[in-house]
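Enquirer: Sequence lines, in order, name chains W and C. Residue numbering for the first sequence follows the numbering used here, beginning at 1 and increasing consecutively. Residue numbering for the second sequence follows the numbering used here, beginning at 810 and increasing consecutively. So that we are looking at the same thing, I have put the structure below in structure tokens.
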Amino acid sequence: MDVQYIGENLLPGKLGHAFVILSFIASLFAFIAYSFSSAKVENQELSWKRLGRIAFWIHGLSVIGIVVTLFFIIYFHYYEYFYAWSHASRALPTHYIVSAFWEGQEGSFLLWTFWHIVIGLVLMYSAKNWEAPVMAVVSLAQVALSSMLIGVYVLEYKIGSSPFILLREAMEAPIFAQANYLEFITDGNGLNPLLQNPWMVIHPPVLFLGFASTIVPFAFALAGLYKRDYSGWITPALPWTLFGVMILGTGIIMGGAWAYESLNFGGYWAWDPVENASLVPWLTMIGAVHVMNAYKRTGNSLPTTFILVIVTFILILYATFLTRSGVLGDSSVHSFTDLGMSGQLLVFLGIFVILGVYFLVKRWKEFPRKSEEESTYSREFWLFIGSLVLMLSAFQVLATTSIPVFNKIFGTNVAPPADPIGHYNQWQLPMAILILVLTTIGQLLKYKKSSPAEFYKRLMWPFIAAVGLTLAVFIPYEIYAGPYIALIFASAFALFGNLEMMRTQFKKIKTAGAAVAHIGFALMMLGVLISSARKEVVSINQSGYSYGENFDEKANRENVLLWKDEPLEMNDYRVTYVGDSVAEPNHYYKVFYEKLNADRTVAYSFMLTPNAQINPKMGLIASPDTKHYLGHDLYTHVTQVIDKSTVKDQPAYKDPKAYTFKVNQADTVMLADNLLILEGLNTNLSAEMAEKTAGAEIAVSARLKVKTLQGDRMLEPVYAIKNGTEFRYDATDEALQVSFQKIDPKSGTIQLLIAEKNPGPKEYVIMKAIKFPMINLLWLGTVVLVIGFSMAVMDRYREAKRIESRATA
Amino acid sequence: MKRTHLILIVLIATAIGVIISTVGDSSSYETFEVARENPDEEYHVVGTLSRPESMMYNPEVDANLFTFYLKDGKGEEHEVVYYGTKPQDFERSEQVVIVGKMEGERFNAQKILTKCPSKYTEDTVEVKEHVATPQPQN
């Protein structure tokens, strides 16, 4: 029998699900209509196109409906819905509700779908002749993405996963047999604490916009192949490709900034599979931009252009497959949810691979080709070479990242390299050097043919300046490894070569986007190199402590234990752990840094408060705190803390000890932290005590002075005899508990029982501190890179407009 | 020979180089037995924590030394030395992957991956990576 559940709000879910179904059907319809419009001739074309537009609009509006409904469910805490329950909680501040929205797989697909719609609507009204075939491809991608949200079973195979399923549908538990089960579900599971960071509010939408924008060049390329218009598509697609490179790059760097600011792996990049998965298509898309330019100006490199554009989109789908199918399993620190849709993801990947390969193969022979090779002294040749280097660089990252996939296919059991950084760097460092040098060579050469003499003349001063800068960097920073010096030189050469380019473009500064972007890239590489080559672990115990004979003396010990209030000198710093404070769920550890001069005097000081969440489910989640200076960052995070909840409860006071005091002698007792002096006995009791001891034969207090470093205080325990019975009124303060036991008139002494407060376990924190020199160059370079790309996007957009108006005129 | 062909050859050669290095640098999931027989090679060893009572981490003495015993899939057990702090949730991990090599009877782990039941991803486990303090190469 069905249970009639109480208190469930089923309307939003039903509405949401209706939107999901509608969005899927509408996208399918849009795909069909636009496909017919592409295929039909003349008079019928327009009516199909109109239908396609209507269908795409309906699709777009229903996706917005899904977004609004899902947000409503999360924002108003409808925990009968699984999505809200598993990703949000009542304590979550509003801006993190937004993060909760895309924490789950369904939410991130929704975000991606949403960006496709925005892009699709712009294309609908700007692509003109290209609208039908381009929108057919976009709509096909929307069919694929919308189906990820359907959540229905077809022949026992689950298609998609709906964000609107109820908690009781998603899980099985005895509680759901009760009609009023909702009364017991008062709060959600909450957002992963690692994601409760401002970067995680902004990073996913930017990254997914980058993902989404790769569909535009892909759609234009397929449209070009389909319509046999091999060159016309490049002009409208170029600004979009540049835009995609800019946004995807920004998204990737934001992920790095998040890692640097709130994760504790000590850096911004770790060659983690998830990072790699989005880096690879970024590299191929940069390659695509360069050959698109080359083809546009000279007619060379067309096949490479098609391959790179198509491969980029496929790699985006592959990245999604890698990160969403659970295939990476235990090779990544990111946690993955496998919603059982790997099969579906593979089908989509397959559809677009087949589509791309089919058109490429079918048209390959028809491509316009040049009979003669381009000159070695021409820009297009080096653009082509640069793109090949980028392709190889992408291939290398891809090959290693895909090891878990090869394991699945071939049934092998190969593990990723034990030293991933060394493995990637041995390839990526030379590639970066090549690419940097090529930016200057390519920029300073002209399209078609340059005169070698003129070229070498222009190369002169960037070369000399680069040698100068290289010396000025590697000597003071003591970077003596050959490959590193080569990378410094390459960055400097790229920097000055592109500055030279900018100088000549000064009058037409709007066209200098490429030079600016290259300068940004050169600065980034310089920042990456200096900050990682000269990264310095500060937290090394230099107290000369013996670790015993088992341990290698040379071993670097990067974690250091700091006892509370006990300063420790590490490198040029004196560091003191001064205490913690709690603002649930975060525990903040105050670490006081004093920078020391050579003569050990304090140059300046600052406080860092790295925080940690002691999460019952996830253990210690440590987030660093970083002091930023212009020339370097000092980064600190805790690696171990005392979990106060696991410390055994100790009695508040130690066992009391009996002390005998001689009256009238100011008798003194030394205690652990205090000095206790008996000043005398007193029968003139306080009003409160007088009341308590009213009618007693004897009522006397011992006047005790407690001397401490902080000052003196008084304690007055009382002893009384009433009707022959002894009464004792103890005196207590923050450190002591004193009981007046007895008076011995014969010897003129009294006896006191004194219990000292238990100090509790000594507090400590274990932390790691790293100095990153010149890391600001990386962030500065990123900003310059983005400015350069924005300039290039604008420039290419204006150019596309000009060409379009010339064509219609 | 045309220049295009030359470029193609260099391209293919580099790609082959990439593949060879990927295979060469990759490690493999093995048991202690294999690691014992090849003491110079780095391996991933999968196992479970055994004898939790002999797990040793005394930050007051050395904050960078953590030792424990691990039993691999075949039941072979070894002491594992890790130069770093003890992962906070270590006792709770269902499965531990250690990356490193054998040194005599002990396994020197460069990296520890722990798998714990996760709160935030209901149907999967949480994978966490811990990297040891780099040791100087001899």
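Yeah, the Cβ is synthetic: ideal placement off N, Cα and C, and Gly gets one too.
Can the beta-carbon of W:G788 be found less than 8 Å from the beta-carbon of W:A517?
Expert: yes
Enquirer: Given that a residue counts as buried once 16 or more other Cβ atoms are within 10 Å of its Cβ, and exposed if not, what is C:T831?
Expert: buried
Enquirer: Using a C-beta to C-beta distance shorter than 8 Å, which residues of chain W count as neighbours of C:E869?
Expert: L561, Y764
Enquirer: Starting from W:S146, follow the alpha helix (DSSP H) in both directions and report where the run begins and ends.
Expert: 131-147
Enquirer: Cβ atoms of W:I403 and C:S902: under 8 Å apart, would you say?
Expert: no
Enquirer: State the beta-bridge partners of C:S859 as determined by DSSP.
Expert: C:Y878
Enquirer: Count the other C-beta atoms from every protein chain shown that fall within 10 angstroms of the C-beta of W:K771, then say buried if there are 16 or more, exposed otherwise.
Expert: buried
Enquirer: Relative to the C-alpha of W:L681, which candidate in W:S701, W:A690, W:L671 has its C-alpha closest?
Expert: W:S701
Enquirer: Anything in chain W within Cβ reach of C:G882, meaning under 7 Å, just list it in chain order.
Expert: None at all; the shortest Cβ gap to chain W is about 11 Å.
Enquirer: Using a cut-off of 8 Å between C-beta atoms, extract the partners of C:N873 located in chain W.
Expert: A555, R557, E558, N559
Enquirer: Identify whether W:H77 lies in helix, strand or coil by the three-state DSSP scheme.
Expert: coil
Enquirer: Pick out whichever of W:N180, W:S278, W:P217, W:I165 has its Cα sitting closest to the Cα of W:V206.
Expert: W:S278
Enquirer: Can a CB atom of chain C be found closer than 8 Å to the CB of W:P416?
Expert: yes
Enquirer: For the segment 832-862 of chain C, which residues have a CB atom closer than 7 Å to at least one CB atom of chain W, in sequence order?
Expert: D834, S835, S836, S837, Y838, E851, H853
Enquirer: Under DSSP, the alpha helix (DSSP H) around W:I479 begins and ends at which residues?
Expert: Per DSSP, W:I479 belongs to no alpha helix (DSSP H) and is neither H nor E.
Enquirer: In three-state DSSP terms, what is W:E688?
Expert: The DSSP-derived three-state label of W:E688 is helix.
Enquirer: At a Cβ threshold of 8 Å, is C:A824 touching chain W?
Expert: yes
Enquirer: With 8 Å as the threshold, decide whether the Cβ of W:Y547 is near any Cβ in chain C.
Expert: Residue confidence is low: W:Y547 scores 42 on pLDDT, short of 50, so the model does not pin down where it sits. No coordinate-derived value is stated.
Enquirer: Using CA coordinates, which residue listed in W:D655, W:V582, W:W233, W:L92 is at the minimum distance from W:N189?
Expert: W:L92
Enquirer: Apart from the five residues on each side of it in sequence, which residues of its chain come closer than 6 Å, Cβ to Cβ, to W:E594?
Expert: Excluding positions up to five away in sequence, the list reads R574, V602, S605.
Enquirer: Would you say the segment 165-185 of chain W touches the segment 49-62 of chain W, given that touching needs at least three Cβ pairs under 8 Å?
Expert: no
Enquirer: List, in order along the chain, the chain C residues whose C-beta lies closer than 7 Å to that of W:A481?
Expert: Those do not exist, as W:A481 stays about 15 Å from chain C at its closest Cβ, beyond 7 Å.
Enquirer: Along the segment 680-694 of chain W, what residues have a CB closer than 8 Å to any CB found in chain C?
Expert: none
Enquirer: For the candidate residues C:V854, C:G833, C:F916, C:D849, whose alpha-carbon lies nearest to that of W:G837?
Expert: Shown here, chain W extends from 1 to 809; a query on residue 837 of chain W therefore has no answer.
Enquirer: For a contact meaning CB atoms closer than 8 Å, what does W:Q640 contact in chain C?
Expert: P868, A872, T894, K895, Q897
Enquirer: Roughly how many angstroms lie between the CA atoms of W:P273 and W:T401, to the nearest whole one?
Expert: 6 Å
Enquirer: Can you tell me whether DSSP reads C:E869 as helix, strand or coil?
Expert: coil
Enquirer: Out of W:K707, W:V669, W:R90, W:F661, point me to the one whose CA is closest to W:D744's CA.
Expert: W:F661
Enquirer: Which residues in the same chain have their Cβ closer than 6 Å to the Cβ of W:L634, if we skip the five residues on either side of it in sequence?
Expert: Around W:L634: K627, K771.
Enquirer: Identify, in the order they occur along the chain, each residue of the same chain with its Cβ nearer than 7 Å to the Cβ of W:F31, setting aside the five sequence neighbours on each side.
Expert: A136, S139, L140, V143
Enquirer: DSSP three-state call for C:T813: helix, strand or coil?
Expert: helix
Enquirer: Keeping to the same chain, check which residues put their C-beta closer than 6 Å to that of W:S262; ignore five residues upstream and five downstream.
Expert: Non-local C-beta neighbours of W:S262 in its own chain, meaning closer than 6 Å and more than five positions away in sequence, comprise N197, S623, ordered along the chain.
Enquirer: Keeping to the same chain, check which residues put their C-beta closer than 7 Å to that of W:S387; ignore five residues upstream and five downstream.
Expert: So the list reads G287, H290, V291, T304, L308, once near-sequence residues are dropped.
Enquirer: In terms of alpha-carbon separation, which member of W:E697, W:E691, W:K705 lies closest to W:L675?
Expert: Checking every option, the nearest Cα to that of W:L675 belongs to W:K705.
Enquirer: Determine, using beta carbons only, whether C:L815 comes closer than 8 Å to chain W.
Expert: No, its Cβ sits nowhere closer than 8 Å to a Cβ of chain W.
Enquirer: Can you name the residues of chain C whose CB is closer than 7 Å to the CB of W:Q396?
Expert: V827
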